[in-house]
Amino acid sequence: MTAAAQGPGYEVVVIGAGHNGLVCAAYLARAGRKVLVLEAAPTVGGAAVTQEFSPGFRVSSCAHLLHLMPEFLCSELALDKHGLEFAANALPTVALSTEREPLVLDAAAHEGLLEPDGSAYAGYRARMAEFAAALQPLFERAPPRLGTGAYADWAGLLRFGWQIRRLGRPRMRELLRIGAMNVYDLLQEHFSDPGLQGALAFDAVLGTNFGPRSPGTVLTLLCRLAAQGAAGVGGLRLPRGGLGALSAALAGAATAAGAEIRTAAAVARILVKDDRAYGVQLRSGEQIRADAVVSNADPKSSLLGLLGAEHLDTGFVRRVHHLRTHGLTAKLHLALRGPPRFSTVPGALQGGRLLVAPSLHYLERCFNSTKYGEYSAAPAMEIIVPTLHDPALAPRGAHVLSAIVQYLPYQLRGGWDAGRQPCVDVLIAALEVHAPGITGLVQAAELLTPLDIEQRFHIQGGHWHHGELAFDQFYMVRPVPGATQYSTPLAGLYLCGAGSHPGGGVMGYAGRNAARRILALRAAA
Numbered sequence: 083m084t085a086a087a088q089g090p091g092y093e094v095v096v097i098g099a100g101h102n103g104l105v106c107a108a109y110l111a112r113a114g115r116k117v118l119v120l121e122a123a124p125t126v127g128g129a130a131v132t133q134e135f136s137p138g139f140r141v142s143s144c145a146h147l148l149h150l151m152p153e154f155l156c157s158e159l160a161l162d163k164h165g166l167e168f169a170a171n172a173l174p175t176v177a178l179s180t181e182r183e184p185l186v187l188d189a190a191a192h193e194g195l196l197e198p199d200g201s202a203y204a205g206y207r208a209r210m211a212e213f214a215a216a217l218q219p220l221f222e223r224a225p226p227r228l229g230t231g232a233y234a235d236w237a238g239l240l241r242f243g244w245q246i247r248r249l250g251r252p253r254m255r256e257l258l259r260i261g262a263m264n265v266y267d268l269l270q271e272h273f274s275d276p277g278l279q280g281a282l283a284f285d286a287v288l289g290t291n292f293g294p295r296s297p298g299t300v301l302t303l304l305c306r307l308a309a310q311g312a313a314g315v316g317g318l319r320l321p322r323g324g325l326g327a328l329s330a331a332l333a334g335a336a337t338a339a340g341a342e343i344r345t346a347a348a349v350a351r352i353l354v355k356d357d358r359a360y361g362v363q364l365r366s367g368e369q370i371r372a373d374a375v376v377s378n379a380d381p382k383s384s385l386l387g388l389l390g391a392e393h394l395d396t397g398f399v400r401r402v403h404h405l406r407t408h409g410l411t412a413k414l415h416l417a418l419r420g421p422p423r424f425s426t427v428p429g430a431l432q433g434g435r436l437l438v439a440p441s442l443h444y445l446e447r448c449f450n451s452t453k454y455g456e457y458s459a460a461p462a463m464e465i466i467v468p469t470l471h472d473p474a475l476a477p478r479g480a481h482v483l484s485a486i487v488q489y490l491p492y493q494l495r496g497g498w499d500a501g502r503q504p505c506v507d508v509l510i511a512a513l514e515v516h517a518p519g520i521t522g523l524v525q526a527a528e529l530l531t532p533l534d535i536e537q538r539f540h541i542q543g544g545h546w547h548h549g550e551l552a553f554d555q556f557y558m559v560r561p562v563p564g565a566t567q568y569s570t571p572l573a574g575l576y577l578c579g580a581g582s583h584p585g586g587g588v589m590g591y592a593g594r595n596a597a598r599r600i601l602a603l604r605a606a607a
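Following the working numbering from start to finish, the sequence shown increments by one per residue and tops out at 607.
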């Protein structure tokens with residue numbers, strides 16, 4: 083890189099201090115590059131932050147558990163040395179029901195299932211883990227491009243084929259058979275227990291714009307399982323201090339490597355000269371030069387907003403414009419005067435990951451409501467009470483409940499201004515079914531709809547993955563053809579956010595892959 087050739091500046095400017103932006107900056111700085119990270123918010127983290135939503139009550143604003151970030155990334159960046167601690171590890175997943183005892187989804191879950199589901203569950207877990215392990219190495223590198231004669235692209239395609247072929251012929255055929263299926267049909271094939279089906283399907287649709295019957299939901303499930311497999315033995319983890327503590331550790335790793343981070347520094351536009359990005363201009367008017375600009379913002383914000391369509395080919399602009407980015411996932415935060423009690427859940431499991439997804443039909447009905455701009459009267463939720471493990475998040479004796487709500491529409495019929503409180507009432511009533519008395523404990527409530535997520539975290543459409551994870555927006559065509567290897571059609575401009583391969587979730591793969599890709603390209607220049 084030749085920053086001096088363009089005058090005073092940085093070698094790389096990273097737009098956005100979300101977790102992928104921080105990961106990208108850390109790896110670039112570790113390679114000796116002069117890196118500046120610019121964040122519009124007062125603190126780092128993007129959507130992976132811990133915020134106070136009521137006086138004395140703090141919560142992870144979006145994702146609230148860490149279970150997708152690969153163990154090797156945490157080790158490479160020495161996040162433990164930068165303050166990352168865990169209040170809880172290996173949290174159990176518990177499927178709630180009003181008609182039966184709660185079902186714990188672990189290797190011993192078959193003990194609570196009637197035959198033949200009990201025997202089938204162990205085989206299903208092993209088989210899906212095997213398929214996920216075959217896909218996981220694809221997460222660790224830039225995907226190959228299609229239609230080129232480059233050796234690297236051919237090698238990437240061959241590597242992809244070999245990952246599948248090495249499963250053996252029977253397993254390979256089975257993976258190819260189920261890969262494009264919907265999770266509804268897959269689970270109907272294997273199990274008859276509605277509670278088991280609903281809980282397993284929840285992981286396939288969480289954070290997506292899909293229902294259980296939507297094609298491709300087996301793919302989203304396998305991607306989640308692949309990331310979980312690389313996250314190590316810690317399983318579902320609760321960072322002490324919330325997800326903001328993870329972002330603080332990533333920022334620590336980046337600055338220790340030499341990167342500079344500026345908060346409250348919103349980027350207004352990417353600067354272009356001679357068909358090349360050469361820096362950014364802040365909303366304050368300040369211009370910062372750089373040899374390369376890396377955007378952690380979603381693809382639409384990066385390419386159509388900060389850059390501008392005038393610098394891109396019309397066909398490419400059309401593809402970006404048609405990216406599916408409307409989210410259906412929301413977040414509910416409750417400040418509670420005391421600990422909630424989930425009546426059918428044993429004490430040791432109260433602090434686990436609790437699911438309200440009692441059947442496939444229940445999830446499908448929730449999804450159907452969103453098609454008409456409505457929310458379901460019987461919502462699907464992932465619930466944790468982080469203060470059972472990390473009491474410092476609330477005043478003494480008080481607690482925080484954090485619930486991811488699947489299937490709240492981006493645009494509510496009648497508008498969210500009028501519909502917010504009725505929706506909160508429905509969600510609390512749904513919690514009351516499983517935790518009698520919780521209504522009387524509620525001191526304050528916050529609901530972040532997909533529209534709120536868009537506005538607060540500057541994610542167009544409010545989609546947690548910055549764009550739907552679907553076959554036409556996956557792997558070598560993610561986010562769109564022409565921007566699939568963290569590069570963009572404009573020289574010097576790169577993407578590193580969740581809209582790039584392999585997708586959303588607090589993983590860090592996209593940031594790491596983008597950094598390695600940029601270093602490789604600059605070394606070859």
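Glycine included, every Cβ here is placed at the ideal spot set by N, Cα and C. Since the structure is predicted, the reported quantities are computational estimates derived from the model, not experimental observations.
- Selection Gly311, Pro584, Ala430 and Pro422 evaluated against arginine 560 yields Pro584 as nearest (Cα-Cα).
- Look at tyrosine 568 here: in three-state DSSP terms it is coil, with no helix or strand label.
- Around leucine 320, the same chain offers Leu147, Phe168, Ala169, Ala170, Leu173, Pro468, His471 and Asp472 as residues with beta carbons nearer than 7 Å, after the five sequence neighbours per side are excluded.
- In the three-state DSSP reduction, proline 321 falls in the strand class (E or B).
- Under the three-state reduction of DSSP, glutamate 514 is assigned to helix.
- Ranked by how close their Cα comes to the Cα of leucine 249, the residues Ala215, Asn264 and Ile535 have Ala215 in first place.
- Between the alpha carbons of alanine 341 and lysine 413 lies a gap of roughly 32 Å.
- By alpha-carbon distance to histidine 481, the top candidate from Gly100, Arg419, Asn450 and Ala262 is Arg419.
- Between the stretch 355 to 375 and the stretch 510 to 519 there are fewer than three inter-stretch CB-CB distances shorter than 8 Å, so the stretches are not counted as touching.
- With a cutoff of 8 Å on beta-carbon distance, arginine 182 and glycine 280 are scored as not near each other.
- Around the C-beta of arginine 259, fewer than 16 other C-beta atoms lie within 10 Å, and the residue is accordingly described as exposed.
- By the CB criterion at 8 Å, alanine 111 and alanine 336 fall inside the cutoff.
- For the pair leucine 161 and glycine 127, the Cα-to-Cα distance works out to about 15 Å.
- Secondary structure of histidine 415 (DSSP, three-state): strand.
- Close CB contacts of tyrosine 576 within its chain, under the 8 Å cut and outside five residues either way in sequence, are with Ala374, Val375, Val376, Ser377, Tyr568, Ser569, Thr570, Ala596, Arg599 and Ile600 (chain order).
- Under the rule that a run must span 4 or more residues, the alpha helix (DSSP H) segments found entirely inside the stretch 409 to 477 read 442 to 452.
- The three-state reading of DSSP puts phenylalanine 221 in helix, counting H, G and I together.
- Leucine 513 and serine 484 have their C-alpha atoms spaced approximately 11 Å apart.
- Ranked by Cα distance from isoleucine 541, the first of Arg223, Ala379 and Phe135 is Ala379.
- Under the DSSP assignment, serine 157 falls in the alpha helix (DSSP H) whose first and last residues are 153 to 158.
- When C-alpha distances from valine 119 are compared across Gly590, Ala108 and Asp499, the shortest belongs to Ala108.
- Contact check for valine 487 against isoleucine 97 fails: the beta carbons are separated by 8 Å or more.
- According to the DSSP secondary-structure assignment, isoleucine 370 is paired through a beta bridge with Val362.
- Fewer than three pairs of CB atoms, one per stretch, sit closer than 8 Å, so the stretch 426 to 434 makes no contact with the stretch 525 to 540.
- For histidine 481, there is no enclosing alpha helix (DSSP H); the residue is found in the beta strand (DSSP E) stretching over 481 to 488.
- With fewer than 16 other Cβ atoms inside 10 Å of its own Cβ, alanine 204 counts as exposed.
- Its chain contains no residue whose beta carbon lies nearer than 6 Å to that of arginine 400 once the 5 sequence neighbours on both sides are disregarded.
- With at least 16 other beta carbons inside 10 angstroms of its own, lysine 382 counts as buried.
- In this structure, valine 588 places its C-beta atom within 8 Å of the C-beta atom of leucine 150.
- In the three-state reduction of the DSSP assignment, isoleucine 541 falls in the coil class.
- Cβ-Cβ distances below 7 Å link glycine 261 to Val300 and Leu301 in the same chain, with the five nearest sequence neighbours on each side left out; the list follows chain order.
- Per the C-alpha coordinates, the member of Trp236, Gln218 and Val265 positioned closest to isoleucine 246 is Gln218.
- Residue Leu388 holds the alpha-carbon nearest to the alpha-carbon of arginine 365 among Ile343, Ala372 and Leu388.
- Bounds of the beta strand (DSSP E) holding tyrosine 92 are 92 to 97.
- As DSSP reads the structure, glutamine 310 sits in no beta bridge.
- Each residue's CA atom was taken as its position, placing alanine 232 and proline 226 some 9 Å apart.
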